[in-house]
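These notes concern the structure reproduced below.
Chains as they are written, first to last, in this note's numbering: chain A, 3 to 138; chain B, 23 to 242.
Right under this line is the structure:
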């Protein structure tokens, strides 16, 4: 799954997700890819979020909505990302998933559970895309 | 007369001085935007989004181009056509786009026969008042709005993966409490079928074992 957040030159934020879902899923099964608030969410006044993982579980917790609302309440991206993931892990210790948060100023952070996660960033102060690794 | 000219020039200068210093400070400050952030090391997808955003296009356009690039390149196999066959061997796509300014959302779920997932989601956002279209309805909408299709979204790799799985008696899979437990079905409920009274009354516990299928190469 790719889940992407972009802040354009005007400072406007958009997010998007694209996936072909889980392998050998039961026909008709839809993961959290197309669920606003789970795989991605954005509010121009606050920031954006992308997520990936076991969609069957993540869809029940809407981690990206939680991330954006936590940042609205004043949390930094890292804290908001960790908080959203820990809420899921508390109920499902075996789940695998990750979120990446970016606030309206372009500060970003990731958090994950059950696997090591990487996310990619490009901003004006970089010559090319940089990959960040996040440990569970 | 000359003195009044001088005073006009001086006052104009004084008027614009703060603006000039502010502009200079702004230029000196490192630029903050645009910014592209994406799950996983999908470098080409982020580059594609960056090119669009850095050219001054909108964040929505950049997200569409970035996710589209990943669909075409298939990234790690979990994006776009040709990956993740379901129990019938078919590949279907899910996609979502959200504009953080207007809070508009477009999404497609379990979309068949159309390979452009994120563009289809964008079409739902732009040309419908809905948020999510699913299944063949989503495919028909996307094709009617100009996307290419219908086409087969499987690939030789996904079909081989599926055939190998079938030969391994469809294991592992996402079925639960069914018979046969170790076969390809057709599946029947293990106990009592639709008899909801079989639900126990004691305090339930969260039973969840990570499905053996879910992992770095098999997820949403």
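Cβ atoms here follow ideal geometry from the backbone N, Cα and C, with glycine treated the same way.
Source: prediction; values computed, not measured.
Practice task
Indicate whether residue 70 (chain A) and residue 48 (chain A) have their beta-carbon atoms separated by less than 8 Å.
Solution key: With contacts defined by Cβ atoms closer than 8 Å, residue 70 (chain A) and residue 48 (chain A) form a contacting pair.
Exercise for the section: Look up residue 169 (chain B) in the DSSP assignment and say whether it is helix, strand or coil. Expected result: coil
Exercise for the section: Quick one: using the 10 Å Cβ neighbour count with 16 as the cut-off for buried, is residue 203 (chain B) buried or exposed? Expected result: exposed
Exercise for the section: Assign residue 22 (chain A) to buried or exposed, taking buried as 16 or more other Cβ atoms, counted over all protein chains shown, within 10 Å of its Cβ. Expected result: buried
Practice task
Give the DSSP bridge partners of residue 105 (chain A), in chain order.
Solution key: Listed as beta-bridge partners of residue 105 (chain A) by DSSP are A:49.
Problem - residue 40 (chain A) and residue 65 (chain A) closer than 8 Å at C-beta - result: yes
Problem - Burial state of residue 47 (chain B) (16 or more Cβ within 10 Å) - result: Note that residue 47 (chain B) scores 49 on pLDDT, short of 50, meaning its location in the model is unreliable; the coordinates nonetheless yield the value given after this. Residue 47 (chain B) should be labelled exposed.
Handout entry: Segment contact, 8 Å Cβ cut-off, at least three pairs: the stretch 82-89 of chain B with the stretch 105-115 of chain B
Key = The stretch 82-89 of chain B is not in contact with the stretch 105-115 of chain B.
Practice task
With DSSP as the reference, label residue 163 (chain B) as helix, strand or coil.
Solution key: The DSSP-derived three-state label of residue 163 (chain B) is helix.
Exercise for the section: Taking residue 120 (chain B) as part of the beta strand (DSSP E), name the residues at either end of that continuous run. Expected result: 115-121
Practice task
Please go through the same chain and pick out, in chain order, the residues whose beta-carbon is closer than 6 Å to the beta-carbon of residue 155 (chain B), but skip the five residues on each side of it.
Solution key: 130, 146 and 163
Practice task
Answer with buried or exposed for residue 112 (chain A), where buried requires no fewer than 16 other C-beta atoms within 10 angstroms of its C-beta.
Solution key: It counts as buried.
Practice task
Could you tell me how far apart the beta carbons of residue 57 (chain A) and residue 217 (chain B) are, in whole angstroms, since I believe they sit closer than 8 Å?
Solution key: Actually they are not in contact, since the Cβ atoms of residue 57 (chain A) and residue 217 (chain B) sit about 30 Å apart, beyond 8 Å.
Exercise for the section: Rounded to whole angstroms, what's the CA-CA distance from residue 80 (chain A) to residue 128 (chain A)? Just pull it up for me. Expected result: 21 Å
Exercise for the section: Give the single residue among B:219, B:153, B:207 and B:196 whose Cα lies nearest to the Cα of residue 28 (chain A). Expected result: When each option's Cα is compared against that of residue 28 (chain A), the closest is B:196.
Practice task
Along the beta strand (DSSP E) that carries residue 133 (chain B), what are the first and last residues, could you check?
Solution key: 127-133
Practice task
Using a Cβ cut-off of 8 Å, pull out every chain B residue sitting near residue 43 (chain A), in sequence order please.
Solution key: 120
Practice task
Classify residue 116 (chain B) as buried or exposed, calling it buried when 16 or more other Cβ atoms lie within 10 Å of its own Cβ.
Solution key: That one is buried.
Handout entry: Between the CA atoms of residue 93 (chain B) and residue 94 (chain A) - distance to the nearest angstrom
Key = 30 Å
Exercise for the section: Less than 8 Å between the CB atoms is what I'm expecting for residue 133 (chain A) and residue 63 (chain B), so what's the real figure, rounded? Expected result: The beta-carbon distance between residue 133 (chain A) and residue 63 (chain B), rounded to whole angstroms, is 4 Å. This is short enough to meet the 8 Å contact definition.
Problem - residue 124 (chain A): first and last residue of the uninterrupted alpha helix (DSSP H) it sits in - result: Run containing residue 124 (chain A): none in the alpha helix (DSSP H); it sits in the beta strand (DSSP E), 119-124.
Practice task
Could you tell me whether the Cβ atoms of residue 119 (chain B) and residue 128 (chain B) are closer together than 8 Å?
Solution key: yes
Problem - Alpha-carbon spacing of residue 175 (chain B) relative to residue 237 (chain B), whole angstroms - result: Residue 175 (chain B) and residue 237 (chain B) have their alpha carbons spaced roughly 23 Å apart.
Exercise for the section: Identify every residue that forms a DSSP beta bridge with residue 4 (chain A). Expected result: DSSP output for residue 4 (chain A) lists A:20 as bridge partner(s).
Exercise for the section: Step through the CB atoms of chain A and report whether any lies within less than 8 Å of the CB of residue 168 (chain B). Expected result: Taking a beta-carbon distance threshold of 8 Å, residue 168 (chain B) does not count as an interface residue toward chain A.
Handout entry: Range covered by the alpha helix (DSSP H) that runs through residue 149 (chain B)
Key = 139-149
Problem - For residue 46 (chain B), the three-state DSSP class (helix, strand or coil) - result: Confidence at residue 46 (chain B) is low in this model, with a pLDDT of 47, below 50, so the placement of that residue is unreliable and no value is reported for it.
Handout entry: Opening and closing residue of the beta strand (DSSP E) in which residue 203 (chain B) lies
Key = Per DSSP, residue 203 (chain B) belongs to no beta strand (DSSP E) and is neither H nor E.
Practice task
Closer than 6 Å by C-beta to residue 97 (chain B): which residues in its own chain qualify, once you throw out the five before and the five after it? Chain order, please.
Solution key: 64
Exercise for the section: Report yes if the CB atom of residue 108 (chain A) is closer than 8 Å to the CB atom of residue 130 (chain A), and no otherwise. Expected result: no
Exercise for the section: Determine the chain B residues that contact residue 133 (chain A) at a beta-carbon separation under 8 Å, and present them in chain order. Expected result: 63 and 65
Handout entry: Cβ neighbours of residue 183 (chain B) in the same chain (closer than 7 Å, five flanking residues each side left out)
Key = 107
Handout entry: Within chain B, the residues that residue 120 (chain A) reaches when beta carbons sit closer than 9 Å
Key = For the C-beta of residue 120 (chain A), the chain B residues within less than 9 Å are, from N- to C-terminus, 61, 62 and 63.
Practice task
Measuring only between beta-carbons, confirm whether residue 26 (chain A) sits less than 8 Å from chain B.
Solution key: yes
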